[in-house]
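Quick notes on the structure that follows.
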Amino acid sequence: MADENKKNSMLDGLSEEQKAEIENMSYEEARDKLAQIVQSLDQGGQTLESSTKAWQYGVALAQHAQALLQKVAEQLAAVEESQRAAGESAGTQDNLANF
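Here the sequence shown stands for residues 82 to 180, numbered as in my numbering.
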(Lines of atoms letter the chains of each structure in order from A and count residues from 1; the text may use other names and numbers.)
(Lines give C-alpha, C1' and ligand atoms only; values in the text may rest on other atoms or scores of the structure.)
Protein backbone atom coordinates (compact mmCIF):
# COMPACT_ATOMS: atom_id res chain seq x y z
CA MET A 1 0.00 0.00 0.00
CA ALA A 2 2.82 2.41 0.84
CA ASP A 3 4.49 1.64 -2.51
CA GLU A 4 1.24 2.41 -4.33
CA ASN A 5 0.86 5.72 -2.49
CA LYS A 6 4.46 6.62 -3.30
CA LYS A 7 3.88 5.78 -6.96
CA ASN A 8 0.74 7.89 -7.05
CA SER A 9 2.53 10.84 -5.45
CA MET A 10 5.22 10.66 -8.15
CA LEU A 11 2.52 10.76 -10.82
CA ASP A 12 0.79 13.76 -9.22
CA GLY A 13 3.22 16.15 -10.90
CA LEU A 14 2.45 14.76 -14.36
CA SER A 15 -0.28 15.83 -16.71
CA GLU A 16 -2.91 13.33 -17.81
CA GLU A 17 -1.33 13.45 -21.26
CA GLN A 18 2.08 12.53 -19.84
CA LYS A 19 0.58 9.70 -17.79
CA ALA A 20 -1.18 8.30 -20.86
CA GLU A 21 1.98 8.67 -22.95
CA ILE A 22 4.01 6.69 -20.42
CA GLU A 23 1.32 4.04 -20.05
CA ASN A 24 1.40 3.41 -23.81
CA MET A 25 5.20 3.13 -24.04
CA SER A 26 6.97 -0.13 -24.63
CA TYR A 27 9.79 -1.08 -22.32
CA GLU A 28 12.35 0.00 -24.89
CA GLU A 29 10.69 3.38 -25.42
CA ALA A 30 10.53 4.05 -21.67
CA ARG A 31 14.15 2.97 -21.21
CA ASP A 32 15.38 5.20 -24.04
CA LYS A 33 13.36 8.21 -22.87
CA LEU A 34 14.64 7.70 -19.33
CA ALA A 35 18.23 7.63 -20.61
CA GLN A 36 17.61 10.94 -22.41
CA ILE A 37 16.24 12.50 -19.23
CA VAL A 38 19.18 11.28 -17.14
CA GLN A 39 21.61 12.68 -19.71
CA SER A 40 19.77 16.01 -19.74
CA LEU A 41 19.80 16.22 -15.95
CA ASP A 42 23.48 15.30 -15.84
CA GLN A 43 24.31 18.15 -18.21
CA GLY A 44 22.63 20.65 -15.89
CA GLY A 45 21.68 24.14 -16.90
CA GLN A 46 17.99 23.66 -16.19
CA THR A 47 15.92 25.53 -13.70
CA LEU A 48 14.98 23.82 -10.47
CA GLU A 49 11.37 23.58 -11.65
CA SER A 50 12.20 22.00 -15.00
CA SER A 51 14.69 19.63 -13.37
CA THR A 52 12.06 18.57 -10.86
CA LYS A 53 9.50 17.93 -13.59
CA ALA A 54 12.03 15.97 -15.63
CA TRP A 55 12.93 13.95 -12.54
CA GLN A 56 9.24 13.18 -11.83
CA TYR A 57 8.75 12.10 -15.43
CA GLY A 58 11.87 9.94 -15.20
CA VAL A 59 10.64 8.26 -12.01
CA ALA A 60 7.32 7.50 -13.71
CA LEU A 61 9.19 6.06 -16.71
CA ALA A 62 11.34 3.89 -14.45
CA GLN A 63 8.27 2.61 -12.58
CA HIS A 64 6.53 1.80 -15.86
CA ALA A 65 9.58 -0.02 -17.21
CA GLN A 66 9.91 -1.97 -13.96
CA ALA A 67 6.25 -2.98 -14.10
CA LEU A 68 6.71 -4.23 -17.67
CA LEU A 69 9.76 -6.25 -16.64
CA GLN A 70 7.85 -7.72 -13.70
CA LYS A 71 5.04 -8.78 -16.03
CA VAL A 72 7.48 -10.56 -18.32
CA ALA A 73 9.18 -12.24 -15.35
CA GLU A 74 5.80 -13.55 -14.19
CA GLN A 75 5.02 -14.85 -17.68
CA LEU A 76 8.39 -16.62 -17.87
CA ALA A 77 7.86 -18.17 -14.46
CA ALA A 78 4.46 -19.48 -15.59
CA VAL A 79 5.99 -21.00 -18.74
CA GLU A 80 8.80 -22.59 -16.72
CA GLU A 81 6.27 -24.06 -14.30
CA SER A 82 4.22 -25.40 -17.18
CA GLN A 83 7.31 -26.99 -18.74
CA ARG A 84 8.35 -28.47 -15.41
CA ALA A 85 4.90 -29.98 -14.92
CA ALA A 86 4.90 -31.35 -18.46
CA GLY A 87 8.34 -32.86 -17.91
CA GLU A 88 7.20 -34.63 -14.77
CA SER A 89 4.40 -36.38 -16.64
CA ALA A 90 6.37 -37.11 -19.82
CA GLY A 91 6.30 -40.81 -20.57
CA THR A 92 3.55 -41.54 -18.07
CA GLN A 93 -0.10 -42.41 -18.41
CA ASP A 94 -1.00 -38.85 -17.38
CA ASN A 95 0.08 -37.40 -20.71
CA LEU A 96 -2.01 -39.88 -22.76
CA ALA A 97 -5.18 -37.97 -21.82
CA ASN A 98 -4.07 -35.18 -24.14
CA PHE A 99 -4.37 -37.37 -27.23
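Beta carbons: idealized from backbone N, C-alpha and C, even for Gly.
Using alpha carbons as the reference points, say which of the options lies closest to residue i.
| i | options | result |
| --- | --- | --- |
| residue 94 | 138, 107, 164 | 138 |
| residue 150 | 96, 108, 101 | 108 |
| residue 105 | 126, 130, 148, 128 | 148 |
| residue 113 | 157, 153, 125, 146 | 146 |
Taking residue i and residue j to be in contact with their CB atoms under 8 Å, please state how far apart those CB atoms are, rounded to whole angstroms.
| i | j | result |
| --- | --- | --- |
| residue 122 | residue 135 | 6 Å |
| residue 103 | residue 111 | 7 Å |
Among the residues of its own chain, which have a CB less than 8 Å from the CB of residue i, if the five just before and after it don't count?
| i | result |
| --- | --- |
| residue 132 | 122 |
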